Structure formats: structure tokens, C-alpha cells
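Report on the structure given below.
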Amino acid sequence: MKIIEPKQSAVALEITRKRYLMTDSRGRVVETVGEMLWRVAKHITKFEEDKKITEAFYERMVTKKFVCSGKAMFEAGNPGGIGQLAACFVLPIEDSIDSIFKTLGEAAVIHKNNGGTGFNFSKIRPHGDKVKNVLNAASGPVDFIKAFSAALSKILQGAKRQGGNIAILNADHPDIEEFIKMKAEDGTIKNFNVSVGATDEFMKAVRLKKMWRLVNPRNKEVVKQIRANKLFALICEFAWKTADPGMAFLDRMERDNPTPTLGKLEATNPCITGDALIATECGLMEFVKAYENYHNPGRLGLLVDRRAVGREGVEIKPSLQVLYQGVKEVYQLETKSGFRLKATGNHKIMTEDGWKELSQIKAGERVLIQASAGQFSQTKQLPFVWENQLTGKNGRKYHLNLPTRWSKELGVFLGWLVGDGFIRQKYAILAFGSKKLAEQKYFARLLQRWYPSTMIRQPTERTTQIVCHSQFVADYAMQFGVLAVKSAEKRVPKTIFTAPKETVIGFLQGLFGADGTIGFVKDKSSYMRLSSKSRLLLTDVQLLLLNLGIKARIYNRSRPPRRNLFPAYQTADDQIRQYGSDGKLWELEISKDSVIKFLDEVGFLFDRHEEKIKKLLDKSYYSTRFTDEVLAVTPFGKEPVYDVTEPETHSFIANGFVVHNCGEIPLLPYESCNLGSINLSLHVKNEKVDWEDLKKTVKIGVRFLDNMIEVNNYPLEQIKRMVKDGNRRIGLGVMGFSHMLYKLGIAYNSEAGVKLAGELAQFIRTEADKESERLGRERGNFGNYDVSIFAKNGRPRRNCATTMIAPTGTISMFADCSSGIEPVFSLSTTRRTFFEDSGKNSSTKEIIVNDPIYQEYKNKYDQEVFVTAQEIGWRWHVKIQAAWQKYFDNS
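Sequence positions in the sequence shown follow the numbering used here and run 119 to 1009.
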């Protein structure tokens, strides 16, 4: 292969010699720029069988149409290097001395290997907080950031290229004001960029000028309140003074994170108890069951209420993992309609005023409940295996015809059994009042078909019973979750919650047929009611109805106890019984337009209520509000709690409430940046964008960066597992955008400039994703594919993310083009180069540099095309960034 020397300016060549070329033991450069680029291309393709790929990589780099990261240019194939090609890494920090200094040690290893590091210090307790019950003992995150800065700066002194750091502190941390000001105070922090971690909730509070709570991460107690807009003004003030802090928009990052649950979630995560029913693509699932089925990890479709993101309706979104989070203190939220939920105090609930932590919600506030019908299981298969050929203890053979698949009539049977029936170890009984002859005949035919030995008996003049004297029938009912308990302890069988819709409807028809009533009063309220001694049964029914889009309210109708209230009757064991009443009674009431929804979705099996139903259908009704007033929030002891993450709306539905998802990690621990950039200014032909050549560069860039992951030498085993074996995240970026605009005659601060930015971003993202899919077919999907958002559509994918906007400071100088997507700083600049010899003698050389593209095109276009950073209003900066970020994965 013939080595080609790229054309470079004097400044670019000086930077390349200082940073990227190999030297001998005396510091003398021993390779040319062309040789360096060939070294890189050979190393990155050393496992490729087709050597034409090496030549293709080399051609794009030597023409400077694609430039890899500075790390890769120095390290790739360099026998004097260490083979670490990635630019930066994210490391986790917990609130303990062991964790803090373990992370510092890992950071030191990374810096030793020429990497940069990013940290979120938000888990560390604030300055002056308790440590093991000793007051004013905690140093706080700012002091630890200074310690990290001091330690890592010592390692950087000997590096060929200095590694950088970023520190994030979330906007609700008690030390946030000190953090914002820290770089302006003593100048000791020089190798860290700092950013405030801002959530959507914080930005909304800024707009509304609301009070903002600063919360101790150790115990979630509110330490202080400050006006959100004043805190934002402080961020702006010091950003102008020191160029720090920046802002990291955590919720926005999380929305675009394709694998947000990988890695350890925060120990202080908000959580919900295991008995909560979460709305899923297969009905209502107990949280503990969701954990048992999906913790390893897997995809569970969650029902989300789109009001959580300012839209209407509900839809299914994929979750990524369900996690058990231990035993924690919980609170119970109860509303006036009787909805209940137990969760940790810091779990956020959607209220009419936005997200609020459970412990901060007050009686009288209104919370959102599921606004539309959800989904149900599509499988007819029962949740257990049932064989109808049975053998008794006496060796006798029995043949039953009990259903082996879900059906509506199976649901009707289970509903009546729960409502007006009971089971014991050796029998199951359905009971009927004297007016329910049609119902009695229906169930008699049904059960005699299933169990031919079914008997009918009349223990009193007003009561008829259908009796199945069979341990097998009783066992069958118990398999569904029917309980052999007293009336006050009855529940909806657990399997009904994840049964098909027709079975759920059948169950409700059976239950309302047994214990339901219709109330009609002309020109007044009309309703359906279900009565029970079991509050828990009605709570279960309330959630089944809500998943059908029907809101109901539970009332306490209890009264004083009464004796001998009912006539004596003969039991199945031929005993004479007579009962009174303890007075306990609950009623579930369906009213407003939920009455019509009930009649449309559920209805009644028989025509006993036909006349009343006709009248109900002729009425007009008030609309149902899918919000509810809070009755109380009370401490409820300790219980096992669980997490789930939904990466798009960050919400799900639990016990009918719209709740925030539990896991929120803006960056994954132990991930790294694998970067390369396309020089857009060299993809212009005849004063137009050369889209075909750009497509070729995108394809080469994606393959190059995926190869870089394969050949990299990782500084920590955890990083290798996450990067190479896990996500394979790459960041194909751009530079030279402003120079491209100069060549095309388009002003940066123009609608045409914004339009082109969006077109380029969309094109690059689309082509990069296509190439990642092609590589997925060729080489296999990235390791964490099955728990990613891509698993849903089943299309192959080599990388969890492909595109990134990076600053490209030094490599854009190498390529003699404008930096990243930023405007040209100045058309003429003075560059100062600092020199230091081994004797610590230093000198500075100044070079005046005129922008080469401006010099070439200044006579071709009007002067307003050649705007610079100082001449562009801030709105145009934001518009350009937004146009790019709309399509790119990261920045």
C-alpha cells in the first residue's frame, strides 16, 4: 500500500506531531502523518479477512473525510502505547468512603490508560450531615470533587494527551449552590468540567417560579427550599463567569437510553410493594410475579398513561427489567373512591399539579388514575396443567369434563363461586335465591356437563344449592386461586387478573349476577352496585373494572351487628345452621357514564334487569373524571419492594395509579465513548452536499468504530463487560459543519442553516443505523440486545447507539476544519503554542491563522454568509443544536 501524506496546515502538523505521532526513547518523531494513519487502519482491521477494508479506512482518514478520536490515533498499533482507544468512561459512586475511594482508584487506572472519566456525585450526603450519628461529620460532594481533581491531576502530568473529567450534581442536592460556585472560588479545580443534573420537573418549576426542594440523598428528607428560577439564575450567572456549570438534562438522556436498566440501580430508588397490581400487556400482574418472570432480565410490556408526558390515552411500552430492592419503609395512599397503593415515601405519583413524592402528597390533592381500558392476555392456555382422567385414593377412576382452556363460561362459573358460593376440601357449592331460577338452570346444566355427579338441593324454601361433592372439583377451583375462606376474606382469584378479556368479563358477569344490583331513579343518579363483606374483594374488582375503562367507588355500608337475621338452613353436611350478621358491609358503586361503559363492556348474563337497563340506556350522564381525591397518606411499616423501568414515558400504572418508574440512571456505569467524526466540509461537490460520498463515509465510520471496540485494550474488566460484551455503544459524530455552510453559501444564523442541520442529522443517523443493522446480521447483535428497546421489532442491531455530537476540539484542528457543529470562532486568530523541555524551561510561539475556507470563498458569497460565533444570537445556537440533537443518540 502506497503511503499518502495528507495536506495539513502548519498548525495542524504541529498538533499532530505533538499528540499523535510515535517517538523514540529520546522523544524524536519516528513516523509521518501518512504512516500514522496506516498504522491505525491496520490495527483497527487486524481481524478483518478482507484487506480492502483496511484500504477503505485509510483512504477516508488520509483524505480527512473521517477522523477517529485522538486517543485512537496515538494508541492504535503503537508498540509504545497501551492499546486503550476509548475516550472517556462513566464510573458509579455510592455514599460510602469505600465506594468513593474505590471509584477514585478505578479512575486512576483509567487515567493511567489515557482515558477521561465522568461521575455523578449526587448520592453522596451533603456537607455537615451525620456520619454514624456524629453531627457535622460529612465532607459533602464538593470536597470529594476537589480531592478527585487533585489526585487525578498528578496522573495526568505524564500523559501524551491529558484526560478530562466531568462531575454532575443533581439540582435537588442540598449542596447544589456550593457546587455551582466552586470553580469560581479558589481555582483549584482545573481538570473537571461540571454540570448540574436537571430533570423535567426542575425545568417546569423554573418556568413556573415554584419553590424547589433540596433533598438529602441519605434519607430523602427535605433540607431546604429555594425558588427554582433563582437557582437557575445562579447557574446562568456562573456559567457566564467561568463557563461552568453546564446542564445535563437527565430525563431527556433517559428517554433516549436504549438499555437504561443495565448496571446497578440506586439503592435509594423509589419502589412499590410486591402485592401491587401493575397494568401490563397481559392484564394486571402482581409486582412480585413480574419480578419472578422478568428479573433475569426480559421484556415486559407495561401499560402507560400518556398524560404522564402531556398527551392523552394509554399505550403499551416495553420495560427492560424488574428488580427486587429489599425491605423498606412504605406509606399507604388511599383515595376517596377507595383506590389504595403502598410505596416508599420518595416514590412519585402523578397529581393534577405534576409528579409528587408520595410522602409529600396531602389530603385533598387529586391524583391521576388509569384513564382508558388496558390490555389482557391473548393466550387461552390455563396457568396450570389439568388432566380430566383422575384416580381417587381408593383407586377408582374418574372422568371429568372440566375446562382445560380459558373461556367466558369458565369466568362466569368462577365469578358466581366467589360471589354466592364456597369451596371446602371435598366439595364446591353455588347458592341461589328463590328469584334466580334462570341462573340456577344455567349453572345446573353447565356443572352437570363438567361433573356429571353434580346435585341440586334446597336447604331452605328461599335457597337452592348446586353441589359438586368432589375433591377434584374443589382442587380445580383452588388452582385458579379461589379461597376456602369466610365471606369477609374473599378475593378475586389471582389467575383472573391475567386471564383473557372474555374470561374477565365472564367473571364479572358471574360476580355481579350473584351479588350485584341496579339502581334507577328518574332525574337522579343511577348506578350499578356490588355488595360484599370483603373490602379486599371489592378492591380487586375495582381494578378489574378500571382495566376495562370503568371507574368505580367503594363505600363502607357497615352497621351494628344483628343476631338470627337469616332463616335456618341445612348444610351440605346435613347440619342445621342459623346466622346473624356482624354488620360489616362494603359496596362498590358504578355511576356517571361508567354505567354505560359497564353495560357495553360487561353487562348481565340474564334478562332479569332488562327493564331497568332500558331506562339506564335512555338517560344522559355526567362524564367520569379519571382523577381522584386523596383521602390520606399514612406510614404502613416495612415491606418488600420492587422496581421497574420504562425508558420512554418513565411511568407505569400500579393499583390504578399513574406512577413514576423506579429506575432513573442517566448514564450507565462502566460504559465508554468510542468516537470518530465525519468532516462535513469535505462532503461538498459543485456547491451541493455530496450525499452519496457522505453515505460511504457513514458506513465506513460505523464499521471502524465497531472494530475499535473489538480491538481495544480495556483498563477494567467491568468496562470490557459493559462495552465489548454488553452495549457496544459507538459515537459517530461530525465536524466542519460551519465550513460546509461557508462552501454552500448558507449563513449559520438562518432558517436554511437550521434546515440543512436537520437534514444532515437525519441522513447520518438513518445510514448509521442501517450499517449497524447490517453488521448485526454479519457479526451478531450487541450482548444486551434482548433487554434493549430494539428487541421489540426483532431487527438485528450491532450497537445500542450509533451517533453522538462531540466537541472535536483537537481532531478538528488536525483536519483543518471548524469544530463540531459550532460556528467558526473567528476569521482570523492568533494561536499560541506552549513548549516545555525536560529542564522545565518554557516558551510560547504565536502564529496568526486566517480561516482557509473563508479565504477561498470570500469573493464568491456575500459577507453575511461568513458569520462567526460572536455575531450569532443565542437563539440560532440553540436552534442549530436542537436540529442536530433531534436525530442523534447522544451529545
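All C-beta atoms, glycine included, are put in the ideal place defined by N, C-alpha and C. Predicted, not measured: the structure shown is a model, and the values here were computed from it.
Helix, strand or coil, according to DSSP, for residue i in the structure here?
{"i": "Thr-767", "result": "coil"}
{"i": "Gly-624", "result": "helix"}
{"i": "Glu-244", "result": "The identity of residue 244 in the sequence shown is Pro, whereas the question assumes Glu. If DSSP states are grouped into helix, strand and coil, Pro-244 belongs with coil."}
{"i": "Arg-135", "result": "helix"}
{"i": "Arg-671", "result": "strand"}
{"i": "Pro-378", "result": "Its pLDDT being 45, under 50, Pro-378 is placed unreliably by the model, and nothing is read from it."}
{"i": "Leu-332", "result": "strand"}
{"i": "Val-841", "result": "helix"}
{"i": "Thr-453", "result": "strand"}
{"i": "Phe-310", "result": "strand"}
{"i": "Arg-325", "result": "helix"}
{"i": "Ser-741", "result": "coil"}
{"i": "Met-365", "result": "strand"}
{"i": "Lys-278", "result": "With a pLDDT of only 48 at Lys-278, under 50, the local geometry of the prediction cannot be trusted, and the value read off the model is given with reservation. Three-state result, Lys-278: coil."}
{"i": "Trp-504", "result": "coil"}
{"i": "Glu-403", "result": "Per the sequence shown, residue 403 should be read as Met rather than Glu. Residue state, collapsed to three classes: strand."}
{"i": "Met-922", "result": "strand"}
{"i": "Ala-617", "result": "coil"}
{"i": "Tyr-832", "result": "coil"}
{"i": "Val-148", "result": "coil"}
{"i": "Glu-177", "result": "helix"}
{"i": "Ala-205", "result": "coil"}
{"i": "Asp-761", "result": "strand"}
{"i": "Pro-970", "result": "helix"}
{"i": "Val-227", "result": "helix"}
{"i": "Gln-988", "result": "helix"}
Could you check whether residue j and residue i sit closer than 8 Å to each other, using their CB atoms as the reference points?
{"i": "Glu-505", "j": "Ile-623", "result": "no"}
{"i": "Gly-871", "j": "Asn-797", "result": "no"}
{"i": "Val-341", "j": "Asn-334", "result": "yes"}
{"i": "Asn-804", "j": "Val-985", "result": "no"}
{"i": "Leu-850", "j": "Leu-874", "result": "no"}
{"i": "Pro-259", "j": "Ile-242", "result": "yes"}
{"i": "Arg-1023", "j": "Leu-703", "result": "In the structure as shown, the chain starts at 119 and stops at 1009, and residue 1023 therefore has no counterpart that could be examined."}
{"i": "Phe-175", "j": "Leu-222", "result": "no"}
{"i": "Thr-581", "j": "Ala-549", "result": "yes"}
{"i": "Ala-606", "j": "Ser-644", "result": "no"}
{"i": "Pro-181", "j": "Leu-800", "result": "One point to set straight first is that residue 181 is Thr, not Pro, in the sequence displayed. Yes."}
{"i": "Leu-441", "j": "Tyr-740", "result": "no"}
Using 10 angstroms around the beta-carbon of residue i, count the other beta-carbons present and answer buried if the total reaches 16, otherwise exposed.
{"i": "Glu-339", "result": "exposed"}
{"i": "Phe-207", "result": "buried"}
{"i": "Ser-662", "result": "Rather than Ser, the amino acid found at residue 662 in this sequence is Leu. Looking at its Cβ environment, which holds 16 or more other Cβ atoms inside 10 Å, Leu-662 is buried."}
{"i": "Pro-679", "result": "exposed"}
{"i": "Asp-934", "result": "buried"}
{"i": "His-229", "result": "buried"}
{"i": "Gly-631", "result": "buried"}
{"i": "His-517", "result": "exposed"}
{"i": "Trp-358", "result": "exposed"}
{"i": "Pro-124", "result": "buried"}
{"i": "Val-659", "result": "buried"}
{"i": "Gln-343", "result": "exposed"}
{"i": "Leu-451", "result": "buried"}
{"i": "Leu-555", "result": "exposed"}
{"i": "Ala-461", "result": "buried"}
{"i": "Glu-557", "result": "buried"}
Report back the beta-carbon spacing between residue i and residue j to the nearest angstrom; my notes put them in contact at under 8 Å.
{"i": "Arg-821", "j": "Cys-918", "result": "No, Arg-821 and Cys-918 are not in contact; Cβ-Cβ is about 16 Å, not under 8 Å."}
{"i": "Phe-320", "j": "Ala-285", "result": "With a Cβ gap of about 18 Å, Phe-320 and Ala-285 do not count as contacting."}
{"i": "Gln-443", "j": "Leu-664", "result": "Actually they do not touch by this definition, with Cβ atoms about 26 Å apart."}
{"i": "Leu-486", "j": "Thr-745", "result": "5 Å"}
{"i": "Lys-544", "j": "Ala-592", "result": "6 Å"}
{"i": "Gly-234", "j": "Asn-283", "result": "6 Å"}
{"i": "Gly-529", "j": "Ala-617", "result": "7 Å"}
{"i": "Val-762", "j": "Ser-437", "result": "5 Å"}
Just checking: is the beta-carbon of residue i within a distance shorter than 8 Å of some beta-carbon in chain C?
{"i": "Glu-167", "result": "Included in the structure is just one protein chain, with no chain C present."}
> Do the stretch 180-197 and the stretch 126-141 meet, that is, are 3 or more Cβ pairs less than 8 Å apart?
Replying inline: yes
Across the stretch 362-369 and the stretch 305-324, are there enough close Cβ pairs to call them in contact, namely three or more that are closer than 8 Å?
yes
Notebook entry, point to check: With a cut-off of 8 Å, do at least 3 Cβ pairs link the stretch 123-138 to the stretch 160-167?
Noted result: no
Count the CB pairs spanning the stretch 824-844 and the stretch 771-780 that are closer than 8 Å, and state whether there are at least three.
no
Given 8 Å, three or more beta-carbon pairs between the stretch 987-997 and the stretch 940-948:
yes
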